[in-house]
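Under the UniProt record's numbering, the very last position in the sequence shown is 1163; numbers go up by exactly one each time.
The beta carbon of each residue, even a glycine, is placed where N, CA and C say it ideally should be.
Remarks on the structure that follows.
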Amino acid sequence: MKKSMTAREELLSLASNHQQEELISHVRQIKPGDLSEALGAFSKVELKTFWEGVQETFAVTLLTLEVEADADENEEGLQKLVNSLQCMLSLATCSLQIVENKFVPHSLLACGVILNGLLPELPDSCDNLKNNTSKLFEIWWNKELEHRENIIMNSMVYLLERSLRNEAAKVEVKRVWAIHEALSLINFSNHSSDNIKELLFRCIGSSRYLQTDEGVRFLGYVMSLDCDFITELHRIIKFHIPNAPRSWHSRYGEVYFLAWKQAEDKQKQKLETSCIQDLMHHCILGNHAIFPALRTLLFYLHKQKKQKGMNDMLYKLYEPILWRHLKVANSAVRLNAVTLLLDAFPLVMEDASKQEAESQLQQQFDIFHTLLKDPSHHVRSKTVQGVFKIMSLYWEMIPSETLRGLISIMLNDLLHDAASPEVRETVLKGLCILLKNHLSHLFLKPILPEIKNVIHDTSERVRIAMMELLMVIKGLRAIKYWNVVPVNHLLARLACDSAPVVRRIMKLIFNSFMPMDQTGSVKIFRIKTLIESNPAAARQFFKYISQHMDLNETAKYMILLCRSVLVCIKEDSAAKKSEEGDSNSREKTKDVGMGEGEDKGEDEDSDVEDSELTMKNVPVLRMLIEGLAIIWTTIGKDIQKPQNEEIYRDLVKKFCIAIPEMLGAFEDAQLCNALVLLAGYLPHKYLQPLSRSCLSKLRKLKTDCTVEEYSSVLESLCSWGRGEDILDLVIDWLKPCLTAYSSGSKAGKVRKSKSVCFVDPNEPQPQVALSLLQYLLQHPVCQEQLLQNNRKNLAELAELLHAAKDLLTKRLEGQAIENPLADDILLTQTFTIRCKLLILLHSKSKTEHSIQPHLKEIYTWLDRSVHPVLTSMVEAEVVGRKRQTESTVSKDLAVLLIKTVLEVLSNMLLCGLCDTDYIPDVIDFCLHCISEDEELELLPAVLLCLFQATEFLKVIDPNDAHRSSHGNLIPGALSKVFVALAAYAKSHNTQCVKMLQNVKSHVFELMNTLFNSLYVDEAVLHDIMSTIVATAIAELTYYSQQLELQESFEVKSLPLLTSWLLQILNKKVNIIRFFIQELCSCVDSGALSNLHNAHGVIHLMAAICEMNQAAKFLKAELSLLMEKVRTLIQVEEDGEELHFRETTLLMNKKLSRVQEKIGTLTG
């Protein structure tokens, strides 16, 4: 108490004696709490005396400030001022905190008035002082002390400015909200309020305000103050909405609601009619960009319908605009209107009588009936979605007749809406929403089975929605999903549907056919039922079953299936051996084949023999074995992981014993193939006899064998590492065919195998060998195993296949081959497979097995023996029919061989197996093919190859030195293609239509890639386009000479090649612009030498005018084209020939058409 009295007396003494420096120093040293305690000890008289002393002490400083307000103060003077004001603020703040009965000494009020006047004048460097000053007046305002109205506005301005700074914290917005009522003191119609109005406008678009509750409440309060100011704020909000973040839209809705809630009658009327209804109107008429934002804003108002007066307000504001716009011709407006109606439902006046309310609701239901039949599928879809949501929320309040009518339309009509899968999907999704209301279950139970056929809808999205509906139904007690869609329908879809649908079907039916909590016999019986019902569905079930069980459960299930098959075999064997029915036979053989003494899982599967599975059920047994192979395929990677080693060993141990026993018991070929495929997953060392029998089976294959007969055998042998034995067999079968007339070829150097050799007394099967080799190179498992373990054997095989080239040379020369095994088909297949084999070897090791030397050898052979055949038809026509027939056969063979090489090159480029340096060779080869092929049979393959070369250059390293130079070769090649096409179109007009259609997509992709590439010089692109322009003008000139360019300007009516080119060019804006620029350059260069040239250009211009995208580019160049063309017309007008005059008249008419069309576009 003594210390407190001492502080009080010292303060009073310093103030009374006007000791300014000592007072400042003393206040700075005292803690705020101690200062408040000292001031609190003053009586009213002492406090009054103290503040009179403080006022007089700092009077000189404050007066000096006024005098020097316009002068540049030095730093020392400014600091002195700051210290003085800070001392006054500390004393004033502590004094206000301890005042009682709202008593404020007059001198304190005077100091407050002075500080209030200084607040806006202080420089930004004194922001801390300004902030403390503002805090003083915030305390003054919140304590409702006298004269607070006179000293708060400068603080309001300062706080608004402070809260709008980039670095402002949310607490600044809370400080603004704490004194928000001070805004009621402002006269917004007076110009003196312009500054604070500008700050409030900025607040409307500030994230600090819209992301804090206090900020939103402040904006709502601001918007309720003045009618004219409301209009200005509404305009600012509309300006911000299109670009505002999505989270702001709902906040703006809250601002309008809070403003409406606290506004007085006049302001409320203004908000309703000028703001909220304006937003409704703009929302209904808004485009797809602005509608979502306005809808979110209005949705906040719709959610406040429980607030008193809100229902009346919404009904009153929507009534004059909503119903009218639901019937307009514009479907987008109707969609917006129905969306708002659904969001705002139900629109009913609060004070309406029961009859009036029912009438208002019925009006809305009648509108829903109409909208469900709307011509626009978007409107129908949105209405369906909303109506189901309404029924889910208000089921018990909607009359039963209305419910029945709405559901009838949606399930009987819209669920089968042929015009829109979206509508059908929405109906099913709506049913999912409706089923969340348990009151609807009894009503829907007899209706839902009528929609069972929707599971077979042609749209995948509809089938997915149907599966989602069934999943919802599965979780209900009142309705069973199999009563809605029969299981056989589900299995039919499971067998053939896409992966997204199949995954959902599996999730739905998995527990039905794989009950995890049931005994082994039940599981076997269920899967047996599934197989008998739909084998294809069972195959899919096995494929996805591992996704619904962990690896351990999957392995146990596989063992269970295997055990069931073995028990079936043992029972059949026992029945055959003992007709007397030895009672112990089943007991003795119960677990034979799955490991003696094994009791793991025995308790679970002890009743497998009760599953009603017998040896007579061969299809079921076959599918069980196939299922095991499928399951093992799906878990193959996981089961090889170290952490699953124990599971893998258990499976291997059991299946290595079971598979040989099964193979001995079954004779069905497909079942045995499935067993062989399953055996391929087991280690070879346990199944060596089986691998030998598989090789023997391959050896017995005949020419008419099917893929099913050898596919599983090949896969298993490759998995066991027996690829070398397969390749030896292939070599043994191909060698007699390929080496009979090529003893000196490289094929003769193939080594003799050191492994199993076959002494086959029968004839070799070269066609089967090629089929086997084709399968080996295509199947992922076989290909990987061979490339990993038998690369050397593959290289030797490629050497053997090389011999086919010599035989093909003889055939191309027209020589007969006496060996009946070596026909043209076989030799062509051999050549093709060798090319593919070379690619595979090259992809695995580019250094050891590079394809480059082989390709050069093939190029040399093609130039020497194949390409000449393409041009030999003319000579053959002179010699005679027999010679012509032989030449035709040779030419077909030559075309097939070149196509094979082009395909190889395309695949190499696609896979990135080429070197950059090899691109020129590829392009040269393509050009050579075009130059030699008069019939353009090779054109599609050439264009594909050029396209892949272009794509290859696009993805290689941009720093590659050869990228640009090689890239510039492709446009030149494309130009030569256009020249070849022009020549072909003249001589083969009928055949050219199909040709151009076949290569249209190739040319477009190639052009698009070239004109968007960074590695092709623009000058080279000009060369391409100049060729195109020249081609089009030449064709149009020819037709003008033939008087066949009439007044039809559609692109499709142009001459064949020109029409085809324009359709391609017009697909991309940058390409068609390039074409028009090149056309203008051509005209400007004086290339048009006669009237028919000019006529062709005019006709082309008229056609371009019909293409809206291209016409706008033509407009920029029109004056130049018109001047040049009119000059040519003027030169030729003196001609006396009749056809010249007709052509001139036609050209003038077309020019007028062009000017008219361009003028329309300009207008």
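What first and last residue would you give for the alpha helix (DSSP H) that runs through residue i?
i    : result
A574 : 551-577
L340 : 331-344
P971 : 969-987
A465 : 460-474
P683 : P683 -> no alpha helix (DSSP H), and no H or E assigned at all.
L297 : 291-303
W260 : 246-262
D278 : 277-285
A941 : 939-955
S512 : 499-513
P619 : 618-639
K44  : 44-57
L491 : 487-496
In chain order, what residues of the same chain have a beta carbon less than 8 Å from the beta carbon of residue i, not counting five sequence neighbours either side?
i    : result
E272 : W260, M313, K316, L317
K452 : V484, V485, P486, H489
L682 : V652, F655, C656, I659
I409 : H369, L372, K373
N187 : S193
H377 : D417, A419, S420, E422, V423
Tell me whether residue i is buried or exposed, calling it buried when 16 or more other Cβ atoms sit within 10 Å of its Cβ.
i            : result
G430         : buried
R649         : exposed
L301         : buried
A330         : For the record, residue 330 in the displayed sequence is Asn; it is not Ala. Label assigned to N330: exposed.
residue 1179 : For the chain, the structure presents residues 1 to 1163; residue 1179 sits outside this window and is missing.
V176         : buried
N190         : exposed
M397         : exposed
Q363         : exposed
R563         : buried
M811         : It is Arg, not Met, that sits at residue 811 in the sequence shown. Buried, because 16 or more other Cβ atoms sit within 10 Å of the Cβ of R811.
P766         : buried
C1082        : buried
V993         : exposed
A669         : exposed
D933         : buried
L981         : buried
Within its chain, find whatever has a CB closer than 7 Å to the CB of residue i; leave out the 5 residues flanking it on each side and keep chain order.
i    : result
E66  : Any reading at E66 is ruled out, since the residue's pLDDT is 48, under 50, leaving its predicted position unreliable.
I970 : I923, L946, A949, T950, L1010
E52  : S107
N437 : S392, W395
E138 : S155, R175, A178, I179
L129 : V82, L85, Q86, L122
G601 : Caution is warranted here: a pLDDT of 46 is assigned to G601, below 50, making its placement in the model unreliable, and the coordinate value is therefore given only provisionally. Closer than 7 Å at the Cβ level, and outside the excluded window around G601, lie K556, I559.
K954 : T1009, S1013
Quick one: what's got a C-beta closer than 6 Å to residue i's C-beta in the same chain, skipping five residues either side?
i     : result
L902  : A941, C945
S583  : The pLDDT assigned to S583 is 47, lower than 50, so where the model puts this residue is not dependable; a value taken from the coordinates is nonetheless given after this. Result list for S583: empty, nothing under 6 Å.
N998  : P940
L897  : V866
L1114 : I1076, I1104
A769  : V730, W733, L734
A289  : none
Could you give the uninterrupted runs of the alpha helix (DSSP H) lying entirely in the region 1011-1068, keeping only those of 4 residues or more? 1018-1041, 1056-1065
Only counting runs of 4 or more residues, tell me where the alpha helix (DSSP H) segments fall wholly within the region 895-930, in order along the chain. none
Runs of alpha helix (DSSP H) lying entirely within the region 145-232, each at least 4 residues, in chain order: 153-163, 170-178, 194-204, 207-210, 213-222
Complete beta strand (DSSP E) runs within the region 379-447 (minimum length 3 residues, chain order): none
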